[in-house]
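Everything below concerns the one structure shown next.
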Amino acid sequence: MALYDFAKGLVLEAGNKVRLMMKEDLNIETKSNPNDLVTNVDKATEDYIFEMIHQNYPEHKVIGEEGHGHDLKDINGVVWVVDPIDGTLNFVHQQENFAISIGIYHEGQPYAGFVYDVMRDILYHTKVGEGAYENNHPLEKLKSTQLKTSIIGINPNWLTKPIMGPIFTPIVDDARSARAYGSAALEIVSVAKGQLDAYVTPRLQPWDYAGGLMILNEVGGKGTNLLGDALTINQPNSIVMANPSLHDELLNNYLNEFEETLRKHHKRRFGR
Ligand code: 2AM
Ligand code: CA
3 MALYDFAKGL VLEAGNKVRL MMKEDLNIET KSNPNDLVTN VDKATEDYIF EMIHQNYPEH
63 KVIGEEGHGH DLKDINGVVW VVDPIDGTLN FVHQQENFAI SIGIYHEGQP YAGFVYDVMR
123 DILYHTKVGE GAYENNHPLE KLKSTQLKTS IIGINPNWLT KPIMGPIFTP IVDDARSARA
183 YGSAALEIVS VAKGQLDAYV TPRLQPWDYA GGLMILNEVG GKGTNLLGDA LTINQPNSIV
243 MANPSLHDEL LNNYLNEFEE TLRKHHKRRF GR
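Going left to right, the sequence shown walks through residues 3 to 274 as this note's numbering numbers them.
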């Protein structure tokens, strides 16, 4: 079976297992802080995805949020970047609005992206170069928007923070409105669908955005860090994703003036 079809089947089956596991009691633990949660379902789902890849493609590499491949330096060959549950707080508190996110790279180049909205049973997917789909329905190329008529995806928690608040507040002020969904992968595919015009955040891991970014790029959208630099496969980064004209407007008219502050933020958070 072709790799793309295998991956598509795997993400759907992983979602099926998540829906079944949700019928049992959740085991919830905290990670870096009391609001950073992980459940038995996150771990079991990553383990399942890893095992299936390992059995079928033993030479493939996997980077997963819940522990696989974090020390991976060499991205030669095929690398799967996996978030078993993106939006764990939504998963725990709402039992919906979370996704399984997978980006597959070949020799460092994007090959295929998947974002599965598990409870709505909607799979967003692309084999890079062959268009992006919502289930079997092709997504259209993005239209240009200006900030003043745009809806921006942003977690409101950032607006109260001393460093990020002053950077993001003018964007929210000048936009038509702002929304927060709580799953980066779903916010990125919302940009790809034109339901949000941009998504901004100071810090994401590759597994949060890899699958979504491939889908967004496929419909003509742009994704970079807040300094306008390309995103990498195995390092955390700041994020601005948008249709191309709004991406330019956000960088040129809002973000570039904070370059020095953003460089310090990158150095402190990511060591680079
Ligand atoms: P998660 O649910 O997989 O942890 C919430 O606004 C979004 O940001 C979710 O996609 C969440 O992914 C991600 N996220 C939350 N805290 C984060 C952090 N400290 N670094 C990177 N991504 C984070
Ligand atoms: Ca996760």
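From the three backbone atoms N, C-alpha and C, an ideal C-beta is built for every residue, glycine too.
Restricting to Cα atoms, I'd like to know which of Lys129, Pro164, Ala180 and Asn137 is closest to Leu150. Residue 150 sits at position 148 when you count from the first residue of the sequence shown. Residue identity differs from the one stated: residue 150 is Lys in this sequence, not Leu. Ranking the options by Cα distance to Lys150, first place goes to Ala180.
So if DSSP puts Gln111 in a beta bridge, which residue, or which two residues, is it bridged to? Walking along the sequence shown from the start, residue 111 turns up at place 109. For Gln111, which the question treats as bridged, DSSP gives the partners His108.
Rounded distance between the beta-carbons of Ile156 and Thr203, thought under 8 Å: Here the question's residue 203 lines up with position 201 in the sequence shown. Here the question's residue 156 lines up with position 154 in the sequence shown. With a contact defined as Cβ atoms closer than 8 Å, Thr203 and Ile156 qualify at about 7 Å.
Does the region 155-175 come into contact with the region 126-142, if we say contact requires no fewer than three beta-carbon pairs (one atom in each stretch) closer than 8 Å? no
Can you pull the DSSP bridge partners for Lys63? Locating residue 63 in the sequence shown gives position 61, counting from the first residue. DSSP, once it has assigned bridges, lists Val81 as partnering Lys63.
For ligand 1, any of its heavy atoms closer than 7 Å to the Cβ of Asn1? An answer regarding residue 1 cannot be provided, because it is not within the stretch 3 to 274 covered by the chain.
Return yes when at least one heavy atom of ligand 1 lies under 7 Å from the C-beta of Thr90, else no. Start at 1 with the first residue of the sequence shown, and residue 90 comes out as number 88. Answer for Thr90: yes, Cβ within range of ligand 1.
As a quick exercise: from Ile51, Val120 and Lys33, pick the residue whose alpha carbon is nearest that of Ser185. Residue mapping note: residue 185 aligns to position 183 of the sequence shown, counting from 1. With distances taken between Cα atoms, Ser185 lies closest to Val120.
Beta strand (DSSP E) segment containing Gly202, residue limits: As a first step, residue 202 must be located in the sequence shown, where it is residue number 200. The question names Gly, but residue 202 is Val in the sequence shown. Val202 -> beta strand (DSSP E) spans Ala200 to Leu206.
Find the nearest neighbour of Asp85 within the set Glu67, Ile77 and His95, judged by alpha-carbon distance. Here residue 85 refers to the residue found at position 83 when the sequence shown is read from its first residue. Comparing Cα-Cα distances from Asp85 to each of Glu67, Ile77 and His95, the minimum goes to Glu67.
Pull up the distance between the alpha-carbon of Glu220 and that of Asp88, whole angstroms please. The sequence position of residue 220 within the sequence shown is 218, counting from 1. The sequence position of residue 88 within the sequence shown is 86, counting from 1. Distance between the alpha carbons of Glu220 and Asp88 is about 21 Å.
Nearest to Val43 (by Cα), restricted to the options Pro36, Gly222 and Glu31: Locating residue 43 in the sequence shown gives position 41, counting from the first residue. Closest option to Val43, Cα to Cα, is Glu31.
Pull up the distance between the alpha-carbon of Gly275 and that of Ile106, whole angstroms please. Absent from the structure is residue 275, since the part of the chain shown begins at 3 and ends at 274.
Express the C-alpha separation of Val130 and Lys145 in angstroms, rounding to a whole number. Residue numbering aside, residue 145 sits at position 143 when the sequence shown is read from its first letter. Residue numbering aside, residue 130 sits at position 128 when the sequence shown is read from its first letter. It is roughly 20 Å from the alpha-carbon of Lys145 to the alpha-carbon of Val130.
Quick check on the DSSP output: the alpha helix (DSSP H) that includes Thr47 runs from which residue to which? Taking the sequence shown and counting its residues from 1, one reaches residue 47 at position 45. Counting along the chain, the alpha helix (DSSP H) containing Thr47 begins and ends at Asn42 to Asn58.
Rounded to the nearest angstrom, what separates Ile153 and Ile241 at their Cα positions? Numbered from its first residue, the sequence shown carries residue 153 at position 151. Numbered from its first residue, the sequence shown carries residue 241 at position 239. Taking C-alpha positions only, Ile153 is separated from Ile241 by approximately 16 Å.
Between Ile77 and ligand 2, is there a pair consisting of the residue's CB and a ligand heavy atom that are separated by less than 7 Å? Along the sequence shown, one-based indexing puts residue 77 at 75. Checking every heavy atom of ligand 2 against the Cβ of Ile77, none is found closer than 7 Å.
Secondary structure of Phe260, DSSP reduced to three states: As a position in the sequence shown, residue 260 is number 258, starting the count at 1. In the structure shown, Phe260 sits in a helix (DSSP, three-state: H, G or I).
Taking the alpha-carbon of His267 as reference, which of Arg205, Asp38, Asn255 and Tyr256 has the nearest alpha-carbon? In the sequence shown, residue 267 corresponds to position 265, counting from 1. The shortest CA-to-CA distance from His267 to any of Arg205, Asp38, Asn255 and Tyr256 is the one to Arg205.
Gly71 Cβ short of 7 Å to ligand 1 heavy atom set: Position 69 of the sequence shown, counted from the first residue, corresponds to residue 71. Checking the Cβ of Gly71 against ligand 1 gives no.
Whole angstroms are fine: how far does the CA of Pro168 sit from the CA of Pro60? Numbered from 1 along the sequence shown, position 58 holds the residue referred to as residue 60. Numbered from 1 along the sequence shown, position 166 holds the residue referred to as residue 168. So the two alpha carbons sit approximately 47 Å from each other.
Would you tell me roughly how many angstroms separate the C-alpha atoms of Leu5 and Leu215, rounded to the nearest one? Position 3 of the sequence shown, counted from the start, is the residue given in the question as residue 5. Position 213 of the sequence shown, counted from the start, is the residue given in the question as residue 215. Approximately 19 Å, taken between the alpha carbons.
If Asp175 sits next to Ala244, beta carbons under 8 Å apart, how far is it from one beta carbon to the other, in whole angstroms? By 1-based counting over the sequence shown, the position of residue 175 is 173. By 1-based counting over the sequence shown, the position of residue 244 is 242. Their Cβ separation, rounded to whole angstroms, is 17 Å, which puts Asp175 and Ala244 out of contact at 8 Å.
With distance defined between alpha-carbon atoms, name the residue in Asn29, Glu53, Asp27 and Ala114 nearest to Ala16. Reading the sequence shown from its first residue, position 14 is the one you call residue 16. For Ala16, the nearest C-alpha among the options comes from Glu53.
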